[in-house]
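Here is the structure we will look at, set down as structure tokens.
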Amino acid sequence: QVTSNGSVGRDPPAETQPQNPPPQPAPNAWQVIKGVLFRIFIIWAISSWFRPRFPSRNLFPKDTLMNLHVYISEHEHFTDFNATSALFWEQQDLVYGDWTSGENSDGCYEHFAELDIPQSVQQNGSIYIHVYFTKSGFHPDPRQKALYRRLATVHMSRMINKYKRRRFQKTKNLLTGETEADPEMIKRAEDYGPVEVISHWHPNITINIVDDHDGWRPDSPPPPPPPHVKFDAVSGDYYPIVYFNDYWNLQKDYYPINESLASLPLRVSFCPLSLWRWQLYAAQSAKSPWNFLGDELYEQSDEEQDSVKVALLETNPYLLALTIIVSIVHSIFEFLAFKNDIQFWNSRQSLEGLSVRSVFFGVFQSFVVLLYILDNETNFVVQVSVFIGVLIDLWKITKVMDVRLDREHKVAGLLPRPTFKDKSTYVESSTKVYDDMAFRYLSWILFPLLGCYAVYSLLYLEHKGWYSWVLSMLYGFLLTFGFITMTPQLFINYKLKSVAHLPWRMLTYKALNTFIDDLFAFVIKMPVMYRIGCLRDDVVFFIYLYQRWIYRVDPTRVNGVTALAARGEPPPAAAPVAEAPPVPGAGAPPPPPSPATTTEATGEEASTSLPSQAPQGPSSASEPQEAPPKPAEDKKRD
26 QVTSNGSVGR
36 DPPAETQPQN
46 PPPQPAPNAW
56 QVIKGVLFRI
66 FIIWAISSWF
76 RPRFPSRNLF
86 PKDTLMNLHV
96 YISEHEHFTD
106 FNATSALFWE
116 QQDLVYGDWT
126 SGENSDGCYE
136 HFAELDIPQS
146 VQQNGSIYIH
156 VYFTKSGFHP
166 DPRQKALYRR
176 LATVHMSRMI
186 NKYKRRRFQK
196 TKNLLTGETE
206 ADPEMIKRAE
216 DYGPVEVISH
226 WHPNITINIV
236 DDHDGWRPDS
246 PPPPPPPHVK
256 FDAVSGDYYP
266 IVYFNDYWNL
276 QKDYYPINES
286 LASLPLRVSF
296 CPLSLWRWQL
306 YAAQSAKSPW
316 NFLGDELYEQ
326 SDEEQDSVKV
336 ALLETNPYLL
346 ALTIIVSIVH
356 SIFEFLAFKN
366 DIQFWNSRQS
376 LEGLSVRSVF
386 FGVFQSFVVL
396 LYILDNETNF
406 VVQVSVFIGV
416 LIDLWKITKV
426 MDVRLDREHK
436 VAGLLPRPTF
446 KDKSTYVESS
456 TKVYDDMAFR
466 YLSWILFPLL
476 GCYAVYSLLY
486 LEHKGWYSWV
496 LSMLYGFLLT
506 FGFITMTPQL
516 FINYKLKSVA
526 HLPWRMLTYK
536 ALNTFIDDLF
546 AFVIKMPVMY
556 RIGCLRDDVV
566 FFIYLYQRWI
576 YRVDPTRVNG
586 VTALAARGEP
596 PPAAAPVAEA
606 PPVPGAGAPP
616 PPPSPATTTE
626 ATGEEASTSL
636 PSQAPQGPSS
646 ASEPQEAPPK
656 PAEDKKRD
């Protein structure tokens with residue numbers, strides 16, 4: 026169609042008949058309820074983000090009267106409240122937060138009794154202690170509806186016996202075949218194997234209730250985290266913290282439970298405890314971060330677990346504080362000694378004055394220690410630390426010798442054969458001669474002592490086998506006479522009349538650590554041989570200091586082997602001397618004069634005289650001679 030203004034119009038769309046939608050079923054009651062509940066949950070979740078959070082409160086306010094009930098049972102879940110034999114101790118009308126009551130006016134109470142243990146406990150079974158704190162007038166038995174209140178009862182339980190591994194090493198005298206081990210222990214080792222898990226008992230345990238009334242939130246309880254802090258799911262408040270404190274129970278005081286024991290002594294103490302002290306105890310009792318390795322790999326001996334506790338109990342507080350400070354310093358010095366040792370050997374170019382044989386002997390000593398601790402099944406952390414030390418000693422070999430892989434002559438036709446060759450700076454110097462001489466003299470003392478110690482170990486000590494005898498004999502010998510291996514370096518210093526080639530920074534840090542070890546050796550209980558070892562290391566280092574005093578180094582000297590060795594630089598090569606023109610009518614020219622080097626026998630700095638190049642002519646004896654010009658190489662070094 027054409028409209029009146031000439032535009033083309035469109036036909037209007039045809040009208041469509043509207044379709045009726047299908048009828049919707051009427052919602053049932055359950056769908057309505059679900060929709061309402063879902064909307065309520067969404068509103069609550071959104072409003073909870075903006076609603077102020079009030080801290081939880083202690084369900085037992087300050088000065089609350091409460092009763093203490095202690096039950097002993099074989100079962101982890103206790104329900105036999107009516108058995109009089111299960112009730113060990115009941116203390117009425119305790120005041121929560123009272124630090125002045127009790128026999129000693131310190132808020133502490135204790136109870137001692139003999140426990141008649143059943144046969145199951147004698148046969149390696151478990152025994153539990155159940156502690157209930159109830160507000161005065163209430164009872165811990167949930168079956169007594171009139172006297173039981175959930176918010177008025179605090180319950181805590183734990184196993185009071187401790188399972189410990191007892192290892193049995195079957196040793197004997199290798200010559201006679203006899204052993205001093207108990208025949209009963211030998212029989213148990215044959216029945217249960219070399220490792221037996223046995224229930225042990227300690228007669229003391231302390232129950233602490235933490236005197237804390239601060240407001241805590243369930244999402245941020247005081248450290249350490251649960252299970253120490255328990256919150257009520259309904260009210261959101263928290264129960265008083267009940268803590269079983271056995272931190273001061275030394276491992277050496279535990280004894281095994283067997284069928285010969287009809288009763289066990291038990292002393293239970295109750296004391297209030299402040300929050301910060303509870304946090305210290307709980308943190309110390311927490312599992313070590315190395316426990317992810319498992320008990321088999323990370324297992325400390327009883328002496329290791331008790332060493333710190335014995336030091337805290339038996340050491341003077343001032344000496345103990347000093348020990349803590351120097352232990353931190355010890356760790357710093359240990360790191361610095363390690364760092365400087367690596368830097369010294371990594372940048373070392375000349376081996377003059379250094380004992381290469383001592384490096385090889387150190388590798389042998391570290392390897393023996395590694396095999397010894399593997400044979401004695403020491404914990405995994407010690408094994409890793411010793412293994413790293415072996416790798417460092419092996420790396421030092423590559424710095425003192427030229428190590429090559431001979432691919433033409435392979436070991437068993439598969440692996441390249443390693444070859445070792447002395448470095449030129451070691452062979453061409455007098456150090457190799459003195460090093461060989463020192464170890465030759467050392468062998469006159471070392472091998473007879475080794476033979477005597479081997480005979481003593483074979484006659485009087487017991488071993489698992491010949492392999493264990495070799496390792497224990499070498500380890501004991503190195504522990505006793507290992508300081509002798511430090512004497513070759515002293516001998517080389519004496520012959521060279523110099524100590525400038527030594528890594529004095531590393532030696533200083535190690536010496537300071539040795540003095541710190543002396544302090545630890547007399548504060549913490551340690552073997553006598555370890556204390557003697559610390560003393561002998563001190564003696565050797567004092568000899569080093571004496572040599573440094575008599576063989577002083579001139580820091581201003583830049584030419585000469587000694588001063589360059591102090592900086593880790595190789596000794597300079599002799600400067601080439603131009604040949605003089607031949608004299609007419611003469612034969613072969615005479616050889617050029619070589620510089621004369623003189624060294625005083627007292628160990629003072631050596632002096633080098635260069636050939637005079639002054640022109641010949643008459644000169645007075647009183648006139649000072651003009652100094653000859655320095656060669657280009659000397660000027661460059663200056």
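In the working numbering, the protein residues as written are 26 to 663.
Glycine residues also receive a C-beta, built at the ideal position from the N, C-alpha and C atoms.
Given the structure is predicted, the values throughout are model-derived calculations rather than measurements.
{"Asked": "Could you pull the DSSP bridge partners for HIS94 from this structure?", "Found": "GLU115, TYR157"}
{"Asked": "On the three-pair Cβ rule with 8 Å, is the region 145-164 touching the region 99-109?", "Found": "yes"}
{"Asked": "So within the region 390-450, which uninterrupted alpha helix (DSSP H) runs reach at least 4 residues, ignoring any that extend past its ends?", "Found": "405-425"}
{"Asked": "Should VAL602 go down as buried or exposed, given a rule of 16 or more other Cβ atoms within 10 Å for buried?", "Found": "For VAL602, the predicted model reports a pLDDT of 39, less than 50, meaning its position is unreliable and no value from the coordinates is stated."}
{"Asked": "Between the alpha carbons of TRP114 and GLY162, how many angstroms are there, rounded?", "Found": "17 Å"}
{"Asked": "Here's a check: name, in chain order, each residue in its chain whose Cβ is nearer than 8 Å to the Cβ of ILE142, leaving out the five neighbours to either side.", "Found": "ILE152, ILE282, LEU286, ALA287, SER288, LEU289"}
{"Asked": "I'd like to know whether the C-beta atoms of ASN274 and TYR534 end up nearer to each other than 8 Å.", "Found": "no"}
{"Asked": "Where THR204 and VAL409 are concerned, what is the direct C-alpha to C-alpha distance, given to the nearest angstrom?", "Found": "33 Å"}
{"Asked": "Which whole-angstrom value is the C-beta distance of ASP236 and GLY122, which I expect to be below 8 Å?", "Found": "5 Å"}
{"Asked": "Alpha carbons only, please: which of ARG64, TRP529, TYR485, PRO80 is nearest the one belonging to GLN368?", "Found": "TRP529"}
{"Asked": "For MET184, count neighbouring C-beta atoms within 10 Å of its own C-beta (all shown protein chains included) and say buried if the count is 16 or more, exposed if not.", "Found": "exposed"}
{"Asked": "For ARG292, collect the residues of the same chain with a Cβ closer than 7 Å to its Cβ; drop the 5 residues on either side in sequence, then sort them by chain order.", "Found": "GLU135, PHE137, PRO228, ASN229"}
{"Asked": "Indicate the three-state DSSP secondary structure (helix, strand or coil) for LEU140 in the structure shown.", "Found": "strand"}
{"Asked": "State yes or no: is the C-beta of VAL415 within less than 8 Å of the C-beta of SER391?", "Found": "yes"}
{"Asked": "Can you tell me the Cα-Cα spacing of TYR571 and ALA536, whole angstroms?", "Found": "14 Å"}
{"Asked": "Mind checking whether ARG442 and LYS448 have CB atoms under 8 Å apart?", "Found": "no"}
{"Asked": "Would you grab the beta carbon distance between ASN92 and PHE358 for me? Rounded to a whole angstrom, and I think it's under 8 Å.", "Found": "Not really, about 56 Å apart at Cβ, beyond 8 Å."}
{"Asked": "Could you please give me the residues that DSSP links to TYR279 through a beta bridge?", "Found": "Answer is none; TYR279 lacks a bridge partner."}
{"Asked": "For the beta strand (DSSP E) that LEU176 lies in, which residues bound it at each end?", "Found": "Neither: LEU176 is in no beta strand (DSSP E) and is coded neither H nor E."}
{"Asked": "To the nearest angstrom, how far is the alpha carbon of LEU499 from that of ILE575?", "Found": "36 Å"}
{"Asked": "In whole angstroms, what separates the C-alpha of LEU527 from that of LEU379?", "Found": "7 Å"}
{"Asked": "From ALA362, PHE193, TRP226, pick the residue whose C-alpha is nearest to that of MET531; which is it?", "Found": "ALA362"}
{"Asked": "Determine the DSSP secondary structure at GLY150, reduced to helix, strand or coil.", "Found": "coil"}
{"Asked": "Under the assumption that LEU474 contacts THR512 (Cβ atoms under 8 Å), give the Cβ distance between them as a whole number of angstroms.", "Found": "Incorrect: roughly 13 Å between the Cβ atoms, too far for contact."}
{"Asked": "Grab me the residues of ASP460's own chain with a C-beta within less than 7 Å of its C-beta, minus the 5 sequence neighbours each way, in chain order.", "Found": "SER380, VAL381, ARG382, PRO513, ILE517"}
{"Asked": "Tell me which residues share the same chain as HIS180 and place their Cβ nearer than 6 Å to its Cβ, disregarding the 5 neighbours each side in the sequence.", "Found": "TYR157"}
{"Asked": "How about GLU487 and LYS197: do their beta carbons lie closer than 8 Å?", "Found": "yes"}
{"Asked": "Does any CB atom of chain D fall closer than 8 Å to the CB of ALA536?", "Found": "Absent from the structure is chain D; it holds one protein chain and no more."}
{"Asked": "So, under 8 Å CB-CB, ARG465 and VAL524 are touching, yes? Tell me the CB distance rounded to an integer number of Å.", "Found": "About 22 Å; that fails the 8 Å criterion."}
{"Asked": "Tell me the residue span of the beta strand (DSSP E) that contains ARG192.", "Found": "187-192"}
{"Asked": "Based on DSSP bridge pairs, tell me the residues matched to ARG530.", "Found": "Its beta-bridge partners do not exist; DSSP assigns none."}
{"Asked": "Just tell me which of GLN194, LEU199, LEU200 has its CA closest to the CA of ALA206.", "Found": "GLN194"}
{"Asked": "Indicate whether ILE349 and TRP303 have their beta-carbon atoms separated by less than 8 Å.", "Found": "no"}
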